[in-house]
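Colleague: Each residue of the sequence shown is one higher than the one before, starting from 1 at the first, in UniProt numbering.
C-beta atoms are modelled at their ideal positions from N, C-alpha and C, and glycine is treated no differently.
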Amino acid sequence: SQLVRSPGVYFNDKVDKNGKVGYGSTVIPNRGAWLELETDSKDIAYTRIDRTRKIPFTTLVRALGFSGDDEILDIFGDSDLVRNTIEKDIHKNPMDSRTDEALKEIYERLRPGEPKTAESSRSLLVARFFDPHRYDLAAVGRYKINKKLNIKNRLLNQTLAEHLVDAETG
């Protein structure tokens, strides 16, 4: 089999020793850090940045600024997978906000042994994923992601949640 290194998003599934199916995806940029997402047999979602040790997916979401459990449930829906992942992502240091704690945990995974502060952690995350000189999907990667996720058709065929004009009164 060939190795996949072309920019885009790739989905996979695997059966563990208990017969439970686990799902995963890998976002491969043209330039920058790979982002892997996976579920395990206990119905918990994890993420890996550049093949580091896995962390609960909600840690990455919290590091991006969505720190509240209710906020995460609103974004991703109220499912067992999301609830189990939130339970796994425990708040260890009450002196830090959830966002700062998540940033420090990611920094610890990416740069073990270095002193971690919320500001250095934030700048590392911004540099890894939001700096166009260090992270780039390229046109082909963006095209493949849009095609695989059917983004164009979903945007073109959107319907309003509520009617703007009353059918009876005009």
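From E108 to K20, what does the alpha carbon distance come to, in whole angstroms?
Modeller: Between E108 and K20, the C-alpha separation is close to 31 Å.
Colleague: Return the chain-ordered list of same chain residues with a C-beta closer than 7 Å to the C-beta of P29, the five sequence neighbours on each side being excluded.
Modeller: Excluding sequence neighbours, P29 sits near P7, Y135, D136, L137 and G141.
Colleague: In the DSSP output, which residue or residues are listed as bridge partners for G24?
Modeller: According to DSSP, G24 bridges with N12 and E38.
Colleague: To the nearest whole angstrom, what separates the beta carbons of G22 and E36, a pair I think is in contact under 8 Å?
Modeller: So it is not a contact: roughly 12 Å between Cβ atoms.
Colleague: Candidates H91, R51 and K92: which alpha carbon is nearest T26's?
Modeller: T26 has its Cα closest to that of R51, out of H91, R51 and K92.
Colleague: Under a three-way DSSP split, which group does R62 fall into?
Modeller: Helix at R62.
Colleague: Taking all protein chains shown into account, decide if D131 is buried (16 or more other Cβ within 10 angstroms of its Cβ) or exposed.
Modeller: By the 10 Å Cβ count, D131 comes out exposed.
Colleague: Kindly indicate which residue of D70, K42 and E119 has the alpha-carbon position closest to the one of I106.
Modeller: Answer by Cα proximity: E119.
Colleague: Could you tell me the alpha carbon to alpha carbon distance between R5 and D74, rounded to whole angstroms?
Modeller: Their backbone Cα atoms lie some 33 Å apart in a straight line.
Colleague: Out of T99, Y46, D13 and L64, which one is the CA nearest neighbour of V126?
Modeller: For V126, the nearest C-alpha among the options comes from L64.
Colleague: Does the beta-carbon distance from A33 to I44 come in below 8 Å?
Modeller: No, the pair does not count as a contact, with Cβ atoms beyond the cut-off.
Colleague: Thinking C-beta only, is E101 closer than 8 Å to N93?
Modeller: Yes, the Cβ-Cβ distance between N93 and E101 is below 8 Å.
Colleague: By DSSP's criteria, R122 is part of a beta bridge. Which residues make up the other side?
Modeller: According to DSSP, R122 bridges with nothing at all.
Colleague: Just to confirm, are R122 and L103 a CB contact at a threshold of 8 Å?
Modeller: In contact: R122 and L103 (Cβ atoms closer than 8 Å).
Colleague: DSSP on residue 204, reduced to helix/strand/coil?
Modeller: Nothing can be reported for residue 204, as the shown portion of the chain is limited to 1 through 170.
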